[in-house]
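Asker:
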Amino acid sequence: MSFHINKLYYGDYGESKNGAADISTNQNNAAEWPLWEVFIRSKQGLDHKHAGSLHAADAAMAIENARDVYTRRMEGVSIWVVESKYIHASNPDEAGALYDPANDKAYRHPTFYDLPEEVKYM
């Protein structure tokens, strides 16, 4: 007598139209789970800070895993998860070309304006 054991994790299987578990199409999804970036907003701060990365099958699983991994001591009030493939960043080697045009617009700097004496706290 032989048997085969399939170990399933959260998100590994869906349900078919009749409500039964459909494990035939998602047997090896653990190796294909996308990478998610986790951002946590702490109780003290107003902005979210990057806390780390994790693999998850979907957004709901990513939030639950992020909660378990990155907020164990109740240090967060809000969690954002973003699939890594949707994050785009500038190249640090091209910073000069990206930021140099702003130097030509001195009127955008606060030192360009003279404040009247009546305005004391600005």
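Residues in the sequence shown are numbered from 1 upward in steps of one, following my numbering. All C-beta atoms in this analysis are idealised placements derived from N, C-alpha and C, irrespective of residue type, glycine included.
1) In angstroms, rounded to a whole number, what distance separates the CA positions of Leu115 and Ala59?
2) Express the C-alpha separation of Asp93 and Glu117 in angstroms, rounding to a whole number.
3) Can you tell me which of the three DSSP states Ala89 falls into?
4) Grouping DSSP H, G and I as helix and E and B as strand, with all else coil, what is Glu75?
5) Where does Val81 land, buried or exposed, given buried means 16+ other C-beta within 10 angstroms?
6) Give me, in chain order, the residues of the same chain whose beta-carbon lies closer than 7 Å to that of Trp33; leave out the 5 immediate sequence neighbours on both sides.
7) Give the straight-line distance between the Cα atoms of Phe79 and Val38, rounded to the nearest whole angstrom.
8) Alpha carbon to alpha carbon, what distance is there between Gly52 and Tyr70?
9) Find out if the Cβ-Cβ distance for the pair Trp36, Ser84 is shorter than 8 Å.
10) In this structure, does DSSP put Glu118 in helix, strand or coil?
11) Quick check: what's the CA-CA separation for Ala30 versus Lys49?
Answerer: If we stick to the structure as given:
1) Approximately 49 Å between the Cα atoms of the pair.
2) 44 Å
3) coil
4) It is coil, neither helix nor strand.
5) So Val81 counts as buried.
6) His55, Ala56 and Ala57
7) Contrary to the premise, residue 79 reads as Ile rather than Phe in this sequence. Cα to Cα, Ile79 sits roughly 7 Å from Val38.
8) 8 Å
9) yes
10) coil
11) In this prediction, Ala30 scores a pLDDT of 49, lower than 50, which makes its location untrustworthy; no coordinate-derived value is stated.
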